[in-house]
């Protein structure tokens, strides 16, 4: 993927995982893998970038949303990571397990997930 096809915050990104602060370019919505798979199914092609972390065997998915847009959500088991939090970001080429990888890779035009759609999908997955 040419570097012009990825968001500015992802460039330059070498072969290693980096930790970036939430709240500047995006906030992250963190959910357990089982819930996250239901959300992915509900959102389908409307999802933005999604990071998968299989560390510890249980699995976690992270959606990126515009900063501040999910700050007031209270939908356990989701955890909102905003200012003061950091998120491990895989290299842009890592789109496979094992380890931290992009389940849905970001592009310049699609890295955020619409917060209203993600909120609705999260609520539906909890019902």
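Numbering (the numbering used here), first residue to last: 921 to 1047.
Backbone N, C-alpha and C define an ideal beta-carbon position, used for all residues, glycine too.
With a threshold of 16 other beta carbon atoms within 10 Å, residue 956 meets it and is buried. Here the alpha carbon of residue 948 sits roughly 17 Å from the alpha carbon of residue 974.
In the three-state reduction of the DSSP assignment, residue 938 falls in the strand class, which pools E and B. Between residue 991 and residue 1000 a beta carbon distance of about 6 Å is seen, short of the 8 Å cut, so the two are scored as contacting. Residue 995 holds the alpha-carbon nearest to the alpha-carbon of residue 1047 among 1020, 1002, 995 and 1027.
Under the three-state reduction of DSSP output, residue 1039 falls in the helix class. DSSP, read as helix, strand or coil, puts residue 995 in coil.
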